[in-house]
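Chemist: Quick one: the structure is below, and I'll ask about it shortly.
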Amino acid sequence: MSWKDATSKHATSRLRRRATLRRSVRLLSDFRFEQSEPARFYGSLARDTVDLTADLFWEPLDGALVLDVGGGPGYFEDAFAEHGAVYVPIEPDPSEAHAAGITASRGVRGSGLALPIADGAVDVCLSSNVAEHVRDWRAMGAEMLRVTRPGGLVILSYTCWFGPFGGHEMGLSHYLGGERAARRYTTKHGHPPKNLYGTSLFKVGANDGLDWAATVDGADLVAAFPRYHPSWAWWIVRVPGVREVFTSNLVLAFRKH
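Numbered per the UniProt record's numbering, the sequence shown spans residues 1 to 257.
Below, the structure is given as structure tokens:
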């Protein structure tokens, strides 16, 4: 089954109903507070991530073991706990793992490229806005599939380079090139960006993710859509070229065989 057929067939009506213009505006507005009010930003993103997961998962989240690859200090823990899920963030960077003065009760130190988790151990494996920060994001995706049990759900959601937020804090200057954008940011602010192109930020487009998804063995792609768009705009993922520029964040959801 092609990814286009999978999206139209398997994306639930509940997920589509939730993907409204009002939700899109709220999420995009909250991006302004990522640095100044991280609790507000991540709180909103956490609730949306749990809703997204619950909509895509074909089983109740109550009692499900959820592994969040690149989950930082565990911003999403409380939101998943409200649904009865057992949430485990895994994070390689100690400074990120203890950001904002919080630490998840079940946090694990480890790399997404070599997850310290047994094969088929988790019900849901997700990663939100991490792939663009990993040099070999395909290897991370393969690891996420490895640790997920048969019948489990894998959600890989990432910021697309050619979209409006691809440069992260560097703004739209990333369209001039990653290195040039980093130099412009450093000149303007007196220090390099947190997300430094070629070191902690990499060029991952919508086509890259869709092409990789088509090669995945042992799992079916059940949804591919632009995360922050209302459902009536999901068609852009079907159009080459258009999807590269207008997909700010691509969601790829798989069901493990």
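Ideal Cβ placement from N, Cα and C applies to all residues, glycine included.
(1) Contact defined as beta carbons within less than 8 Å: I believe Glu244 pairs with Gly205. What is the distance between those atoms, to the nearest angstrom?
(2) Checking 8 Å against the spacing of the C-beta atoms, do Thr148 and Val108 come in under that value?
(3) Can you list, in chain order, the residues of its chain whose CB lies under 8 Å from that of Arg227, leaving out five sequence neighbours each side?
(4) Can you tell me the Cα-Cα spacing of His191 and Lys203, whole angstroms?
(5) Classify Leu113 as helix, strand or coil using the three-state DSSP reduction.
(6) Rounded C-beta distance between Asp176 and Pro164? I'm assuming under 8 Å.
(7) Taking its Cβ as the centre, do 16 or more other Cβ atoms sit within 10 Å of Ala214, making it buried, or is it exposed?
(8) Across which residues does DSSP place Pro226 in a beta bridge pair?
(9) Take Val86 as the anchor and find which of Val154, Trp212 and Val66 has the nearest alpha-carbon.
(10) I need the straight-line Cα distance from Ala219 to Asp30, nearest angstrom please.
(11) Taking contact to mean at least 3 C-beta pairs separated by less than 8 Å, is the stretch 77-84 in contact with the stretch 125-139?
(12) Using 8 Å as the threshold, is the C-beta distance between Gly178 and Gly198 below it?
(13) Roughly how far, in whole angstroms, is the beta-carbon of Leu201 from the beta-carbon of Glu132, given that I think they are within contact range, below 8 Å?
(14) Is Ser127 helix, strand or coil when you go by DSSP?
(15) Measuring alpha carbon to alpha carbon, tell me which residue in Ala181, Pro240, Ala139 and Arg18 is nearest Ala54.
(16) Between the Cα of Val154 and those of Leu21, Asn195, Arg23 and Asp68, spot the shortest distance and give me the residue it belongs to.
(17) My assumption, with CB atoms under 8 Å, is that Val222 sits in contact with Arg184. Please give the rounded CB distance.
(18) Which residues in the same chain as Tyr75 place their Cβ atom closer than 6 Å to its Cβ, once the five residues preceding and following it in sequence are excluded?
(19) The beta strand (DSSP E) that contains Val69, what's its start and end?
(20) If you count every other CB in all the chains shown that lies within 10 Å of the CB of Thr187, and 16 or more means buried, which is it?
(21) Pull up the distance between the alpha-carbon of Ala224 and that of His189, whole angstroms please.
(22) Tell me, please, which residues DSSP counts as bridged to Leu153.
Modeler: With the given structure in hand:
(1) 5 Å
(2) no
(3) The beta carbon of Arg227 sits closer than 8 Å to the beta carbons of Leu52, Ser157, Ser248, Asn249, Leu250 and Val251 from its chain, once the five residues preceding and following it are set aside; these are given in chain order.
(4) 22 Å
(5) coil
(6) This sequence places Leu at residue 176; Asp is not what is there. That pair is no contact at about 14 Å.
(7) Note on Ala214: under 16 other CB atoms within 10 angstroms of its CB, so exposed under the neighbour-count rule.
(8) Leu250
(9) Val66
(10) 33 Å
(11) Inter-segment contact for the stretch 77-84 and the stretch 125-139 is absent: fewer than three beta-carbon pairs are separated by less than 8 Å.
(12) Going by C-beta atoms, Gly178 is nearer than 8 Å to Gly198.
(13) 6 Å
(14) strand
(15) Checked all of Ala181, Pro240, Ala139 and Arg18; the closest Cα to Ala54 is Arg18.
(16) Asp68
(17) Rounded, the Cβ-Cβ distance is 40 Å, inconsistent with contact.
(18) Within the same chain, Tyr75 has close Cβ partners Tyr42 and Ala46.
(19) Leu65 to Val69
(20) exposed
(21) 37 Å
(22) Residue pairing by DSSP puts Leu153 in a beta bridge opposite Val124 and Arg255.
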